Structures are given as structure tokens and as C-alpha cells.
Amino acid sequence: MVIHWTPEALGLVRAIAAAEPAPELTLIGPAPADAVAAALAELPAGHVQKYWQGSASGGVEALARFFADTAGLPAADAIIVLPLRGHGETDAFSRLVCTAILRACKGKPPHVVVAVEDPEATHEFEGLGVATIFYPGFLRAALLAHACVDLGAFRFMLALLGGRLRVETWPVPPELRAGTFREACLNVEVDRRGRPVTLIGLFAPGEGGSDAMLLSPSPARPLRDASALLVLTGEAE
Amino acid sequence: MAPVLLGMFLQTGAAQAGEAIVVRFGSGAKKGGFDVTAHALAEAVQGEGRVTIAPESTKGSCENVHKLLSGELDAALVQYDVAAEAFKAGQADADAGDSGIPKGGWMCKLSPEEADKAELRVIAAVSDAAVHVLVRRPVRLEEFDDIGREPLFMGKDGSGSYETAKVILGAAGHTAEQLPLFTGTADEALAAMSRRELLTMLRTTEPGHAEIRDVLASGLATLNPLPEAVLNRLIDGYPYYRICPIETGTYPGLEYSMPTVCVSSVVLVATPRERVEDEGFLADRRLAVEAMVQGLKKLARDEQYASLKVRVEWRGFAEREPIPLHPVAELHETSERRQAWLQGGAFAAALGVVLYLVRRALRRRRVPGAGIESQLSNPLVPFAAFACVVTLSTFIVWSLEHDSNARLRTLNDSFWEMNTFATGNFTTETLKTPTARLVGAAATILGLGLLAWFTATLTNIFAQEQTRLWRRLNKHLVVLNFREDMLPLIRLLRSPGPTRHRPLHVVVSDALPRRVRLQLARVKALTIHHSNPEVPEDLAGLRLPRASRVIVLGDGDGSGASYDPLRIARAVHQACARDPIGGGQRARTLGVAATSVEIARTAPALPVTLVETSEAEREEVFSPFAAWLVPVDCQALAHRWLVMACRDRAFAELFNRVVAFADDNAEVYTAPAPTWLIGQPWRKARRALLEVQGRGGAVPLGLYRAADPGGKAPAGGTSHAELRRRLIVNPRPDEALVPGDLIVALCEDEADLVRIVAESRKVAAPS
């Protein structure tokens, strides 16, 4: 489900549709359905299951009800909240939407990804059940910066974004529990189908008891407390 | 032309007589310097035509002059001061007429009547003699005031040396008659000096004379300088001398240059007054003079006469030269001068051609700074001009005054004086002649102007930070069409992680808010350029072919207010094509149709360029630049990011960490594979890298492989090679590494990876 969708984000719909397997997509935007019909018509049939008009302009409660009763938001696998431009403070509207999502899902929202305009507004989403906050400006900057430093790294990023390289979470094999990260790296060379993979990190209890991602830890780090392994799969090109 | 004229000139008289022409040649004391030279000349002339030189021994210059004037000699070696006095005496008589005023006082007791009996002409100056003031040790004479306290040796009466000593003492205010002169030979004088009966010897002889060398070596006497006041008075009253130092090293132990005067010896020829109209006589005399000139040249040229140290000079051997050259000598002089001018002209023309070719080559190659405008701001130009002014004025002033000015005896003296002048310290005390003063004044004015120019250019450089800019224009990063929301890019590029911070050049438009510019201005090694990135000329100063990367940003908010990325890409291409490093010398003329082969041939070296594209300006638009340009549709990538973040919950965290360049965070870097790993399977390389202990270690991910491993660089420069590389992540364990492979790994920073790769061999298990 994509919230605050406008025809400007048609590319996002295409990107979602290009994913394998293509998910069912519901769009919620501020404009009336008639106004976006022409834009949606450009997409191949079946890309978008439903378009709803809705925003936080009517209040959080009303929006939460709309999410729960009409849009079927609690059943969504993942939600993307886009910035709503032209309606006052953009990120504030996104925060209201996240509050409505939380209420609609009775405190157990699905995987919510919020794209913010102002990176300084990130902390405002704390406690709203948002999994990831995305700042497009940072992505642009990071990609270009890596391209400046190392073209190989830049192409690695593109492969990750393109889905050719994937990150998978694997359970820790019992025989590796007593070993170190280096030993695990040397042992984990292929996946079940015999395709080469690379162990790049692990999950282990961090501050507050929740699992934290440890990327490229020290080779001597023991695996006894690791909850999962982070494995890079796929081919770059 | 000159030899033809000379031949015609000589033939006129030579046709009239067939008998031998005997030249009575006055030399000097037997076995003296003049005598040896005269006999050598006779030997050199013998067998050349029908002229014969018959040397006649005399007492020296004085007797020679007397005999020349009386017609007893045809030619003779005479010290120039004596010769000039004889010539002037003859002229003085002509001017004075028959007045009853008593006459006298000329050198060698010449009377005007005697001097008027013959017409004296110089053939050439052949040798030089310097006045040596030898003073018994340990006395040193700074002044000549008390020179008469003890006996003094001046040479034999009648010799040129004696006459010269007389005028030197005269310049010091003494007369020979009042001084206690030692009468005897030079050897007797030395013996007297050793008995402490003689204090001073004044000898006029060539520098480096063996006898004087022996005296100095024996410790009997030291060489003393002529006092400056004496020098100046001497030159003012008797300009037949010239100031010449006895140079360091001329005698053993002489460690500094000794100021003194020199006088040349000339071959003088006399024509009796009664025969000046006798064409036959004159024709024979011309033949004789020509034979003597040829003989003198032979003495100067041939190795066998090298010990005589004869050199043939027509002019410039004295401060003033009143005696005219003989017409035959004059022809030789004219011929040599013309030849020298021709050689000088040819040299100047060759230099001009070379300079023109260099200038043309610089302009063709479009070397920065080759234009006049650039030269105006180049401090080396006024500095070089200043050096030229000083050098030129040094030579001019030295040539004008070195014979007459005790303070400008050498080029070194002249150089430092001219430096003083050119730095604004003009004075009339140093230079004597009006011409030299004019040159000095010109040097002062030009020098001041050039110094002001030099100072201004230096100030300009420091003001414009050109020095730092120069350093920053190599392997630099260029961001074109910068906009406010890309400030994180600058922050990331200045984050820890990469091995070194490359210089950043950011081209901004006038629309960029001032607060953003101020933020940029605070970034280290970042230069802001206010220019239009769509205009190739505006990009010329960025030296794009040397850049490590060029980033062309798009219109972020889609307002269309900023510059167009495609037009910027074209401008980058054009700027590189015009740049001498990028291939400016083979740039194709714009607006002219060209074949694809020609276009490929003239392709410039271009930096790897990343262009931010958008849905409005899609990647396909940039396909003609695919060899060096990477279009990056950031909006589409952002959409993909969102999709990936929704689908894979670990993706967002991993991606953010991998791209963040934060402390204690691993990023992806590449490092060249060490040679020992070439040919080894990926499994071995991976194991070796994992064995090395680092701060966080390195996790090898794969290889970044050249399109043509180990092959030549492709046409179009390094960017083509860079973009044709292939990224292999998760290679097969048996994949062998090839030359040119880069290892891709997750590591805390680039330096760590380089270190781990370097240390991998030490820890690798033996294969």
C-alpha cells in the first residue's frame, strides 16, 4: 500500500510492479480518483488493484477509520508513506498518517516505510511503529559519493537496488555455533542450490535486548550468541 | 664583397712595380717582447708576395716613434700611449701654426715639428700590457703620495714602460725629475729591492709575465693596486689607456682582482708628409700593410706562435683611439664588422624563428597561459623582463665604461651596479659618460616598473588563490549544477572512509542561496566556481580531463530553473576536446561534417562523468556518451529503494550502513589484487584475506574485473576502461584471479582494505 500517492510517483508504481513476485498494490492519495485516472491508465492493467482518495486533512481519527474500515490497511504486507507536497509541512502530514496507521492496526502496524523530505524530522516518527525512514536526498548523495570514491562500490549499490544482489537472513548452523565469524565465512560458501554466496554479517542481541545487525564484524568474533547470519546472494551483473 | 674591393684596392698600385718591397720594421730591445714579435711577423710574411719585413732592433717605443717620424722606419711596434701622443703632437702643431708660444712636454720628448713630419696610421693592436706596481714586502701602498720616499724603478728611459710610468706618477702629482729613480736594468732593480734599497717597481708588461711571477713567488714583493684616484685622473688626462684588472689567478697567490691600467701595443705605419701624394709609394705601402695584416692574423691564428699571445684588434683597445686606421686595415675592419653583424643578424633571426615556432606550438596546443592576457598575470614575465633589462644594461654600460671607469672594471661590477640602478637606486656618481648614465636611468625606470608589475602579479596570485587552485586541479572531483539539497553529497565526500580527500570543485549558479554558499565555503579543499556549466569555455579552468570524477546534477525540484544535464554533458565533452590534456591538439573543427572514423580518432580523453537524470530526461538521451558517462536516475533508484525496503526488512539497514561512510561502519571498497594472487582461485584469495586481522577485518565480496585483462588501455582514455569493467560478486570458488582484477570487499575504510590485501601473503597458508 502506498499512501500520499500522486501521479508524480508513477515511477514507484512501476518499480513495485517490476518486483518479483509482483505484489498487489493499493494507492491512497489526496486527489480524487477521476483526477488520477488518466495517470493510472498509463500503467498496464492489473498493476494497481485500487486507488482511494484519503488524507489526514480530515483528522487522524477519521483517517484511521478509513484505513481500518475502507482501505483494509491492517491486512497490508508493507506500507509506503510518501511526502505529501503542497499541503503545509510535508513531514508533519506523514507523521499524522503514521499515527492513523498505528491506530488503525491497533498498535501492531505492518512494515511501514516512510519517505521524509527533511532528515531533521526523522525523530518525530519515533514510537509510531515505523520500520524504516527513508530520505531520498541521502540516497542520491550516497550513491554519487560512492561513485566518486569507487566505481566498483557504486555498481555494487546499483546491484543491491536492482535486486540482483539480495541480503538473506539464515539461521546459524549448529556446527558453527562454537566457531568464529571467520570460520563461518569459510564454511558458508554456497546456498542450498549450490550457488556461491558470501557471509557478510550476523544478527546478535544488541542494546535493549533486540537483535542488531553486525556488518563485517571482527573475524575473531564468536558466533555463540548470534541469532542469524546475514548472507549476500545473487550475482551483480 | 669586401675581399673583392680589397683586391681592387691593392691591385692599383701593385701593377706599377715589380721589385720587392722591404718594410723596415722597428721592434725593440733584442730578445725583448717587441723583438720576438717582429721577427715572428717577418717569418710569417716571408714568402707571401713580394713584401719582406726587415726587423730593426731599437730601444723601444720612443725610438720607434722617432724613427718612424724621421722616415728611418716604415712600420714599428709602439705602445699606444706613445703613438697617440706622437699623433696628437703632430695635430697640435698644425693647429698652433707659427705662434711663438713655447711647445713641449709630449711623451718621448717629441716636438710638434718632428711629429708633423709623417702621417701615422695604425695597422692593428697586437698585444696588451698592464701596469704592475710591485712593492717590496711587507709594505703596501694604498696611495702614491709618499712613493718618492725611497728609490723607484720605472724602466729604461726611452721605453714605453718608462713613459707610461711617468704619466702614472704624473696622475699622482709627481714628476719623474723630483723622484729618486733607480737607473739600471730590471734585473739590477730586483737585486736592489732584495737589498732593501728599492721600494717600488712600476713595470708595464703583459699580465702573467714570467719575471713578475718569479718575483711574487719569491716573496720579495707584492702586487699593489693603482689607487682609484690615480686611475681616474690618468684615464681623464690620457684616454689611450684603459682600466683593466689583473684577474684573480693571473699570478700565484693573487686571490682578488687588482685594479690597474692597460695599454696596447700597436703596429704603426708612417707615411712621410712629402710622399702622401705619391701613388706608387702608397700602392706599395698598401701591399706592405696587407702583408703585415695577413702576417699578424697568422701569428694570432697559428699554434706555433701561440706563446706570443698576439691578437689582432682594430678598435676598442683604448678609451679613445685618435690615430686613424690605415685604409687597408680599415677595409679589414669593415669586412669583419659586417661579418659580425651578419652573424648576429642570423642568430637573431634564428632565435626569432625558434621563438615564433615555440609560440605557435604553444598556441596550437592551447597550453594554458600562452596568451598575452595570461602572461600579464604571470610573475615570471616581469621577472624575466627585469633580468633582461639588467643583463642588457650591464653589457651596454660595461662596454661603454669598462676602459675608463674604475668602478666598472668587470662585467660582474657592472652587473651589480645595474642591479642597484634597476631596483631604484639611481646615482650619477657611479657612471661617468652621459650615454651610460642615460642607460642607467632607463634601467632604473624600467626596473621600477617591472618590479611594480612583479609585485602586482604576486599579489594577484595570492588574492586569487591560484597556487592552491593549481594544486587542487588534479584528480579532483567536480560537481556541476550544484543545488541545495545535495549538501549531503559534500558531507559524505568529506566523511571518514576513503583513503584521502580529493579536492572538490563545485560549480554553482547565481540562484544558489547565499547561506548554502557560505556552508560550502566552510568545507575544506572545496572551491566554488560561479559559472555557466553549459558553456565549454566556462569549464576550461576546471581542467576536466585531469578530474577523477565529474558529477552533473539535474534539476532537483523540476522547476526548470537550473541548467540542463544534457547540455552540460555536451559542454564537458567540448571542454575536454579543447583542453590540451584532453586532446585539444587533435580537436575537430565544429560545424564541419565528419565521418565516424574521424569522430572516433578525435575523441578526447574524458573523465568518468555521472549525470543525474530524471523521468523527464531519460537515460537513453545520454547513450551517445555511454563510453564515459553514467546516467543515474536517482528518482527511479529511490523508488527501487522503497520497494526493496518493503520486501526485505534487512535491506534498508544494510544499505544505510553500507553507504553511510560513518565511523565503525563497513563500506564497500576495492583494492588491486596483489600479484601473488593472480592465477589463484577465488577461494584461496578469500581465505587469505579473511586470515588477516584488522580492526573489523575485511569480508571479500568479489572481483571488479577489467574488460580486457592485461590488455592495452582502450582508445578514449581511462574512463572507457573504468566503465567497461565487470563486477563479479559471489564468484565461483574456483574462479581464477586475472591481472588487473580489483578485490571488492566490505571493510571499515579503504586504507584498512589496502593493508589487509598487502598483508594477506604473510598469513596465507602455504599452497
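In order, the protein sequences belong to chains A and B.
With the first letter of the first sequence counted as 1, position 66 gets the number 66 in my numbering; the numbers rise by one all the way through.
For any residue, its number in my numbering is found by taking its place in the second sequence, counting from 1, and adding 237.
Idealized CB from N, CA, C, for every residue including glycine.
Keep in mind the model is a prediction, meaning the values are calculated, not measured.
Asked                                                                                                                          : Found
Extent of the continuous beta strand (DSSP E) run through P937 (chain B)                                                       : A935 to R942
Range of the contiguous alpha helix (DSSP H) that encloses C499 (chain B)                                                      : Note, C499 (chain B): premise wrong, no alpha helix (DSSP H); beta strand (DSSP E) at V498 to P509.
Other residues of its chain near T736 (chain B): CB distance less than 8 Å, five sequence neighbours each side excluded        : Note that T736 (chain B) has pLDDT 48, beneath the 50 cutoff, so the model's placement of it is unreliable and the number below is only indicative. Within the same chain, T736 (chain B) has close Cβ partners D986, E987, A988 and V991.
Beta strand (DSSP E) segment containing D870 (chain B), residue limits                                                         : L866 to D870
Where E857 (chain B) meets chain A, residues with beta-carbon distance less than 8 Å                                           : Neighbours of E857 (chain B) on chain A: none; closest Cβ ~15 Å, over 8 Å.
The segment 145–156 of chain A: positions lying closer than 7 Å to chain B by Cβ                                               : A145, H146, A147, C148, V149, D150, L151, G152, A153, R155 and F156
Continuous alpha helix (DSSP H) assignments of at least 4 residues falling wholly in the segment 307–377 of chain B            : 317–333 and 349–352
Completely contained alpha helix (DSSP H) runs for the segment 18–66 of chain A, where each covers 4 or more residues          : 33–41 and 60–65
Contact with chain B by I28 (chain A), beta-carbon distance below 9 Å                                                          : no
Min CB distance S57 (chain A) to chain B below 9 Å                                                                             : no
Cβ pair G308 (chain B), A355 (chain B) closer than 9 Å                                                                         : yes
Touching by the beta-carbon criterion (3+ pairs, under 8 Å), the segment 260–277 of chain B and the segment 285–302 of chain B : yes
Within 9 Å, strictly: CB atoms of T437 (chain B) and I384 (chain B)                                                            : yes
Where V2 (chain A) falls, given that 16 or more other Cβ within 10 Å makes a residue buried                                    : buried
Beta carbon proximity, I965 (chain B) to chain A, threshold 9 Å                                                                : yes
Check whether L186 (chain A) and L202 (chain A) have beta carbons under 9 Å apart                                              : no
For G184 (chain B), the three-state DSSP class (helix, strand or coil)                                                         : Because chain B in this structure spans residues 238 to 1004, residue 184 (chain B) falls outside the shown range and cannot be described.
Contact set between T122 (chain A) and chain B, taken where Cβ atoms lie within less than 7 Å                                  : Those do not exist, as T122 (chain A) stays about 12 Å from chain B at its closest Cβ, beyond 7 Å.
Length-filtered (3 minimum) beta strand (DSSP E) runs lying within the segment 105–140 of chain A                              : 111–115 and 132–134
G392 (chain B) to T692 (chain B) span [Cα, whole Å]                                                                            : 59 Å
Sequence-distant residues of its chain with Cβ nearer than 6 Å to N642 (chain B) (five each side left out)                     : K669
Interface residues of chain A facing W878 (chain B) [CB-CB closer than 7 Å]                                                    : F134, L139 and L161
Where the segment 194–207 of chain A meets chain B: residues whose CB sits under 7 Å from a CB there                           : P196, V197, T198 and I200
Within-9 Å CB hit, L223 (chain A) to chain B                                                                                   : no
Host beta strand (DSSP E) of P205 (chain A) (start-end)                                                                        : T198 to P205
Proximal residues of chain B, C-beta to C-beta of R182 (chain A) below 8 Å                                                     : L927, E928 and G934
Contact set for G327 (chain B): own chain, Cβ-Cβ below 6 Å, skip 5 residues either direction                                   : A352 and D353
Cβ-based burial, W919 (chain B) [other Cβ within 10 Å; buried from 16]                                                         : buried
Ranges of the beta strand (DSSP E) found wholly within the segment 727–770 of chain B, counting only runs of at least 3        : 741–745 and 763–767
The segment 112–121 of chain A touching the segment 79–95 of chain A, judged by at least three CB pairs closer than 8 Å        : yes
Three or more C-beta pairs below 8 Å linking the segment 612–625 of chain B and the segment 634–650 of chain B                 : no
Contacting positions in the segment 28–44 of chain A - beta carbon closer than 8 Å to chain B                                  : none
The beta strand (DSSP E) enclosing T289 (chain B), as first and last residue numbers                                           : V288 to E293
Contact the segment 954–969 of chain B vs the segment 225–237 of chain A: 3+ CB pairs below 8 Å                                : yes
Nearest residue (CA-CA) to V744 (chain B), options B:D272, B:S502 and B:V716                                                   : B:V716
Pair within 9 Å by beta-carbon distance, V190 (chain A) and W170 (chain A)                                                     : no
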